[in-house]
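Sequence positions in the sequence shown follow numbering that gives the first Met the number 0 and run 0 to 330.
Glycine is no exception: its CB is placed at the ideal position from the N, C-alpha and C atoms.
All values derive from a computational prediction rather than experimental measurement.
What follows is a short report on a single structure.
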Amino acid sequence: MKVMRIWFACSLAMALTLVFDWNYGFLAVIVPVFVLNARPKRSISAILMVTFSIVFAAIEATFILELFQAHPVLFAIVVGISMLTKCIAMMYHVSHLFGFGGIVVSSMVYNLASYDFFDISDFNVNLLVLMLASMAIYALAYCFFPDREQPQIPPHPPEKSANDKVSQVAMGWLIAMLVFFVFQTMDLFDSLSALVSVLIILSPLTLTGTIGMGKVRVIGTGLGCLIGLALQIILGKWFGNTLLFWLGYTLAVGAIAKLFGKGLVQAGIGFSAIAALSVPLTTTLVPEQQDATFAYLYRFSSIFVAVLATTAVMYLIDRPLNRFSQKPQVN
């Protein structure tokens, strides 16, 4: 049933995006899929936590921008404190989704708000609507495709030592702040997918975990981009037909959704593929005016470079942090 729920959520979210012409409609696709994949059984608390973390992060970032953006040093300090609290939240199972969602969304807002043409009020209103839609889509997915058997819940990972927690928080915070400074000082508006990819592969907060996540992210992105390009070629001159476009997308995500039933690695590839397929179709594509070919090619190349760069930086940071985490704790 998990496969069917994810397929249904993607299809319904894309239909709503096309009907209401939502800006940032890809969030209505990605958020329900993320929670459906992250939790093995229905969890209202999980979808509420993700929704709250995203909305809270956007509002918090808006206030920080309004108060401190004109003062770069204070702005960087306040952002650093905000990022640190979210990295600490990621250390605990109950608040991991809050911290992770907050880092991703606040980083997006800080990047987008550095451009004069970005309307942060419009973004926040759209975000609220999309989060309400995401909760409805999540609920409908379980309503139409309930579990026939009680799913097995994986055990929580063992408790980390205090030194491990400190080193992992430091790793996450350093990378998050590096991303913040890079995207504040360089013109990388079209590289939002690369920013998000860096933060997604950062989520394990370890070098080994990031390398594994990076491989999954690159493979999934490549798969999603290839499927998106194939969809354009197959539809050809009918690509501008909304109904045919939606049917083609539904068939494509149906094929990808099968990966979610084959294990954790395949599910990670599937999530990356759905994101890579959906984002260009909801942001770049203008039927009968502009296709998404360049967007797919640019998306894959930017994510590939971002993953390599992040892994290299984490490798340099990992050694001194490992020395710290291996020090004996004083009782």
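Query: Restricting to runs no shorter than 4 residues, where is the alpha helix (DSSP H) found entirely within the stretch 249-327?; Result: 263-282 and 292-324
Query: Quick check on DSSP: helix, strand or coil for residue 39?; Result: coil
Query: Grab me the residues of residue 90's own chain with a C-beta within less than 6 angstroms of its C-beta, minus the 5 sequence neighbours each way, in chain order.; Result: 164
Query: Would you list, in sequence order, the uninterrupted alpha helix (DSSP H) runs of no fewer than 4 residues that lie entirely inside the stretch 75-138?; Result: 95-112
Query: Quick check on the DSSP output: the alpha helix (DSSP H) that includes residue 0 runs from which residue to which?; Result: Here residue 0 belongs to no alpha helix (DSSP H), and DSSP marks it neither H nor E.
Query: Determine the direct distance from the alpha carbon of residue 220 to that of residue 212, and round the result to whole angstroms.; Result: 12 angstroms
Query: Short of 6 angstroms in beta carbon distance, which residues of its chain neighbour residue 0, apart from the five on each side in sequence? Order them along the chain.; Result: 144 and 146
Query: Tell me the DSSP secondary structure of residue 340 in three-state form.; Result: What the structure shows of the chain is the stretch from 0 to 330, and residue 340 is not part of that stretch, so it cannot be assessed.
Query: On the CB-based measure, 16 or more other CB atoms within 10 Å of its CB, does residue 19 come out buried or exposed?; Result: exposed
Query: Got a sec? Which residues, its chain only, sit under 8 angstroms from residue 181 by beta carbon, not counting five neighbours each side?; Result: 187
Query: So what's residue 31 in DSSP terms, helix, strand or just coil?; Result: helix
Query: For a test of the three-state rule: what should DSSP assign to residue 145, helix, strand or coil?; Result: coil
Query: Is the stretch 5-22 touching the stretch 243-258, taking contact as three or more C-beta pairs under 8 angstroms?; Result: yes
Query: Hey, would you say residue 31 sits closer than 8 angstroms to residue 140, going by beta carbons?; Result: yes
Query: Only counting runs of 4 or more residues, tell me where the alpha helix (DSSP H) segments fall wholly within the stretch 164-247, in order along the chain.; Result: 191-201 and 206-234
Query: Taking 8 angstroms as the threshold, find out whether the stretch 296-304 comes into contact with the stretch 190-199 through three or more Cβ pairs.; Result: yes
Query: Going along the chain, which residues of its own chain have a beta-carbon closer than 8 angstroms to the beta-carbon of residue 58, five neighbours each way excluded?; Result: 123
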